[in-house]
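Written out below as structure tokens is the structure these notes cover.
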Amino acid sequence: MNLTELLPELLKGLLNFTLGNAVMITASLVLIYLAVFKEIEPVLLLPIGFGCLLANIPLAGMTAAEGIMGVLYDAGIKTELFPLLIFIGVGAMIDFSPLLAQPRMVLLGAAGQFGIFGTLMLAIALGFPLNQAASIGVIGAIDGPTSIFVATKLAPELLAPIAVAAYSYMSLIPIIQPPLMRLLTTKKERLIQMDYAPKPISQKTLTLFPIVLTLVVGLLVPDATPLISMLMLGNLLKVSGVVDRLSKAAQNEIINVSTLFLGLAIGATMSAAAFLNWDTGKIMLLGLIAFVLDTVAGLLFGKLMCVLSGYKINPLIGAAGISAFPMAGRLAAKTANDEDPHNFILMHAMGANTAGQLGSVIAGGVLLAIVSKLV
Amino acid sequence: MKYSVTIKDKSYIVEIEDINARPVIACVEGQRFEVIPAANPAECENKPEVKTRTPEVKSFDLRNNAANKNVNEMTAPLPGVVIELFVKAGDVIEAGQVIVIIEAMKMKNSIRSTRAGKISDVLTNVNQTVAHKQVLVRFE
């Protein structure tokens, strides 16, 4: 073997490096920069960024079926295991008592899902086939695990851009929502104070809620059962009060480990060949539209409830009717509080926000059921 | 006595009844404010709540001035856990000053006084769970 034959072998990594790889590695460095130095959703963007970096090192073999990223993808994403494990943790962190105390907030959680169907129509108009359009629409659920769950079933080829759009816009909610809130509500509406004087929720009700909801949603929308049941399992661990260790594990170890592997596996699908195309650009744009439509629909519905209630409901809580728990609820409360430091609508906003979380899961399940029958 | 005060390039005419009275009663653009100046003006620089006070006091006074004249207690505007307490009995506070921070749904909420006055009783402690409308402090 002479040296001229050996040289290409030694430099094979560099020789196979493409311009596309360079672009994607730059993108991965931006994600890592945002996570490390701006602390924007670091728990997600850091692993996604690093996974993307690995996916664009030529010939490393990590994303091949037998490489670590390939194994993680096949085991955790293809099977939908990671989003479901994450939901156990999310469920253990959610407090449904503000929603149970004010059941009418459910309506806002439904209104906040308009973005899903609005975006689906737009995606079809842009030429996406129904299965892809539905997966893009679910970005409007504003819930990472739900988006990944639905996209994996309907259009796995679009998983990377959908996951990246869902998670990056979620981190931009504090920038996307407040201008819309101020644009669509009047100062008088934002100043509306809401009393929070519900009867206390009993331990029995709190414990029965996740069980009953799993049964009701499961029987009505079977396709939503995996998501809703894991969410409710996590919640049951927490509210039952008898498995404190499991509840803590769900809120920490289970969700942390799953999020790390989910982020890495999703990031590793962002190879230049799969990610750098016009569809990715369109999906990013549609994702932004989905977030805006959700917020607008929620606010308009909030305004309707405001009028119907005789100006007793602050329409800002409508903007919390999306998923993105608990960020959206806090933002609505903060916007009202910024307007008047004596106005606290946090409990109402959180009621709408938890309703939005449930609404997005159910909407995702309904969409899954309809679209898998149609395609 | 009338004073001209310029804040951020806008001039206001402030009418003060008696500059030596405490609280100082000041009228700006038809609104009445009660102001208690700090004993040592240099200290003001180190107190964040004092620095940001002016606009918040104003937004409060726009709506509540008349209504809260006779309110002699402050209640919790939302249920949660008191995580910080900034006042004690005997403190003289201003409208808009932060009294407690209540944590609810993992969010810290600064509860500000709706009136100025001297606090006679503090009815809550750090780490206490408070219900909606539970009395936090009483004024003299």
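Chains A and B, in that order, give the protein sequences. In terms of the working numbering, the numbers along the first sequence are unbroken and rise by one, the last being 1393. In terms of the working numbering, the numbers along the second sequence are unbroken and rise by one, the last being 145. Heads up, the beta-carbon is just placed ideally off N, CA and C, and yes, glycines get one too. All values derive from a computational prediction rather than experimental measurement.
| Item | Value |
| --- | --- |
| Local conformation of A/ARG1122 per DSSP, three classes | helix |
| Cutoff 8 Å: A/PHE1362 Cβ touching any chain B Cβ | yes |
| Three-state secondary structure assigned by DSSP to A/THR1225 | helix |
| Burial state of A/THR1097 (16 or more Cβ within 10 Å) | exposed |
| Cross-chain neighbours of B/GLY101 in chain A, by beta carbon under 8 Å | PRO1359 |
| Own chain partners of A/GLY1136 with C-beta closer than 6 Å, once the 5 adjacent residues on each side are dropped | LEU1311 |
| As assigned by DSSP and simplified to three states, the class of B/ALA136 | coil |
| Nearest residue (CA-CA) to B/LEU90, options B/VAL103, B/VAL135 and B/PRO82 | B/VAL103 |
| Alpha carbon of A/LYS1030 to alpha carbon of A/LEU1064, nearest angstrom | 28 Å |
| Meets three-Cβ-pair contact criterion under 8 Å: the region 1299-1306 of chain A and the region 1176-1184 of chain A | yes |
| Identity of the residues DSSP links to B/LYS113 by a beta bridge | B/GLU108 |
| Any C-beta of chain B under 8 Å from that of A/TYR1051 | no |
| Interface partners of A/MET1368 on chain B, CB under 7 Å | MET110 |
| Chain-ordered neighbours of B/LEU83 on chain A, where CB pairs are closer than 8 Å | TYR1214, PHE1362, LEU1364 and MET1365 |
| Cβ-based burial, A/GLU1207 [other Cβ within 10 Å; buried from 16] | buried |
| 8 Å contact criterion, which A/ALA1286 and A/MET1087 should meet: CB distance rounded | 4 Å |
| Pair within 8 Å by beta-carbon distance, B/MET110 and A/ASP1113 | yes |
| Cβ-Cβ distance between B/THR119 and B/ALA100 below 8 Å | yes |
| Start and end residues, beta strand (DSSP E) containing A/TYR1091 | That residue, A/TYR1091, is in no beta strand (DSSP E); it is neither H nor E in DSSP. |
| Proximity to A/ALA1128 [Cα-Cα], best of A/VAL1384, A/ILE1388, A/ALA1373 and A/LEU1317 | A/ALA1373 |
| Contact set for A/ALA1342: own chain, Cβ-Cβ below 6 Å, skip 5 residues either direction | ILE1160, MET1188 and ILE1191 |
| Contact with chain A by B/ASN70, beta-carbon distance below 8 Å | Low confidence applies to B/ASN70: its pLDDT is 42, below 50, so where it sits in the model is not reliable, and the reading given next is rough at best. Not one chain A Cβ lies under 8 Å of B/ASN70. |
| Chain A within 8 Å of B/SER64, Cβ atoms only | Model confidence at B/SER64 stands at a pLDDT of 41, short of 50, so the residue's coordinates are unreliable and nothing is read from them. |
| Neighbour list for A/PRO1344 in chain B, Cβ cutoff strictly below 8 Å | MET110, LYS111 and MET112 |
| Simplified DSSP state of B/TYR8, which is helix, strand or coil | strand |
| Which residues DSSP lists as bridging B/ALA31, in chain order | B/ILE21 and B/PHE38 |
| Contacting residues, own chain, Cβ-Cβ under 7 Å from A/GLY1079 (five flanking each side not counted) | GLY1085 |
| Start and end residues, beta strand (DSSP E) containing A/SER1378 | Taken as a continuous stretch (DSSP letters only), A/SER1378 belongs to no beta strand (DSSP E), being part of the alpha helix (DSSP H) at 1364-1392. |
| A/ARG1348: contacting residues in chain B (beta-carbon distance under 9 Å) | MET110, LYS111 and MET112 |
| Neighbour list for B/ARG117 in chain A, Cβ cutoff strictly below 7 Å | PRO1359 and HIS1360 |
| Beta-carbon proximity of A/PHE1105 to A/LEU1245, cut-off 8 Å | yes |
| For B/SER16: DSSP bridge partner residues | B/THR11 |
| Chain A contact for B/LYS56 (CB, 8 Å cutoff) | With a pLDDT of only 38 at B/LYS56, under the threshold of 50, the placement of this residue in the model should not be trusted, and no figure is reported. |
| Per DSSP, cross-strand counterpart(s) of B/ILE124 | B/PHE144 |
| Contact with chain B by A/ALA1184, beta-carbon distance below 8 Å | no |
| Short CB-CB distance (under 8 Å) between A/ALA1351 and chain D | Annotation note: the requested chain D is absent from the structure, which comprises protein chains A and B. |
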